[in-house]
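So the structure is just underneath, and the comments pick up after that.
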Amino acid sequence: MTHETRESWLNAVAAGMAPLFEALDASLPDRVRVAIGFTSRGAKAKAIGECWDNRLSADGHFEIFIRLDLAHAPDAMPAQIAAILAHELVHAAVGIPAGHGKAFKQLALGLGLVGPMRATTPGEAFLAAIAPVLEGVGPLPHARLDTDGESTAPKKQKTRMLKCECATCGYTARTARKWLEQAGAPLCPIEDHGQMQHEPLDDDGPEPEE
């Protein structure tokens with residue numbers, strides 16, 4: 002079988018894992034969506050997967066996201082992504098409020114996931130169980146994305162230096178917001194001119210439009 006999209010492949014793998022959950026007296030919710038993309042904290046975050054409660058979805062789906070810049074070797078990537086998917090599906094099966102507690106741990110270990118429950122990895126039992134599922138769904142239509150290159154994403158802003166100016170003589174200097182917050186504006190070097198005025202801090206100005 003060949004899948005044209007990553008989402009189709011992921012949902013097929015999720016469906017293929019359903020019997021593994023049922024064998025452990027657990028069932029997957031009927032409404033689950035899975036996608037590859039950045040988690041809610043963005044590209045710089047460390048989370049590799051995320052599951053959102055179905056109560057937050059307008060049509061009652063659990064929403065699972067798996068990040069797209071994982072650095073696994075291409076031949077190992079399908080199994081590794083399946084393991085991340087299994088971790089997030091455990092959250093959906095036991096309920097988000099259960100966290101990584103007893104119910105989560107019991108089901109995750111039963112599936113063959115190992116390691117700390119907040120960051121499980123695929124054990125030998127999981128890899129053996131998922132192998133026929135992966136064979137059935139065919140190749141994963143995905144390749145790692147390098148997030149260090151050019152894109153339309155906003156570039157990280159360098160520290161902005163704020164202008165300070167003496168109201169008496171016009172002498173100017175620039176300093177970081179950090180120092181204005183911690184120590185205030187500098188003094189004009191000309192005697193008796195006193196403290197300089199500075200540009201508004203970000204939260205000193207008007208509210209931004211939304």
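Residue numbers (the numbering used here): 2 to 211.
We put the CB at the ideal spot given by N, CA and C, even for glycine.
Among W180, A168 and I82, whose alpha-carbon lies nearest the alpha-carbon of M162? W180
When you compare each of T173, A93, M197 and I191 to A184 by their alpha carbons, which one comes out closest? M197
Once you ignore the five residues that flank P142 on each side, which residues in its own chain have a CB closer than 7 Å to its CB? H4, E5, T6, R7 and W10
Segments assigned beta strand (DSSP E), at least 3 residues, entirely inside the stretch 44-124: 50-53 and 63-67
Helix, strand or coil: which one does DSSP assign to L141? coil
Roughly how far, in whole angstroms, is the beta-carbon of R119 from the beta-carbon of H101, given that I think they are within contact range, below 8 Å? 5 Å
Just tell me which of C165, I65 and V95 has its CA closest to the CA of I82. I65
Identity of the residue in A99, A87, E136 and L202 nearest T121 by Cα: A87
Label E136 either buried or exposed according to how many other C-beta atoms from any shown protein chain fall within 10 Å of its C-beta, with 16 as the threshold for buried. exposed
Is the CB-CB distance between I131 and A94 below 8 Å? no
Since R34 sits in a beta bridge, which residues does DSSP pair it with? E64
Out of V33, Y172, C170 and P187, point me to the one whose CA is closest to R178's CA. P187
Out of F127, A59, M78 and L90, state which residue places its alpha-carbon closest to the alpha-carbon of N12. L90
Terminal residues of the alpha helix (DSSP H) in which A15 lies: R7 to E23
Over the uninterrupted alpha helix (DSSP H) stretch that includes A184, give me the two end residues. R178 to A184
Considering L202, what are the terminal residues of the beta strand (DSSP E) in which it resides? Segment: none, L202 is in no beta strand (DSSP E) and carries neither H nor E.
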